[in-house]
């Protein structure tokens, strides 16, 4: 098993999906969290100057969804068939579209809070309704994974 080192801010954000995957698959990793004050010194040392990154066997992987896909590649989380893999990617990309709307880097705290509240009160219900419609009467978005470990609903809400 490779050694993994995840580098991200001391917050959930874009690295949280990676942490959930590590937890779900029971994979040990180093969760290296950096403080905002250290960011200007670290940023120039990273691919494209962005985090999260995952160090694996001397390589530095970047982009949270690419890392998530790498970690789930040979598991049922990625889908058992190419069609299921496409369905998984579509759900993940739908959620990523929504996450991208948030003003993560906004410095004006009043504007940031108003935008967050607007997204959570006006747009999130529509997204959740669409996801519920897509789920239908199934237990899982893709596949049938009865008997496997699952994250608690409260864990998913905290993303």
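In our numbering, the protein residues as written are 1 to 159. We put the beta carbon where it would ideally sit given N, CA and C, even for glycine.
Residue i - partner residues in DSSP beta bridges
i	result
residue 60	55
residue 12	DSSP, once it has assigned bridges, lists no residue as partnering residue 12.
residue 30	5
Sequence-distant residues of its chain with Cβ nearer than 8 Å to residue i (five each side left out)
i	result
residue 60	46, 47, 53 and 54
residue 123	98 and 101
heavy atom of the ligand FAD below 7 Å from residue i C-beta
i	result
residue 54	The model on display carries no ligand, and the ligand FAD is accordingly not part of it.
Proximity of residue i and residue j at Cβ, strictly below 8 Å
i	j	result
residue 5	residue 35	no
residue 128	residue 101	no
residue 94	residue 106	no
residue 142	residue 87	yes
residue 75	residue 131	no
residue 65	residue 96	yes
C-alpha distance - residue i paired with residue j, whole-angstrom precision
i	j	result
residue 49	residue 137	43 Å
residue 15	residue 108	24 Å
residue 134	residue 37	42 Å
residue 112	residue 72	33 Å
residue 63	residue 51	7 Å
6 Å CB neighbourhood of residue i in its chain, flanking five on each side removed
i	result
residue 67	18, 54 and 61
residue 90	none
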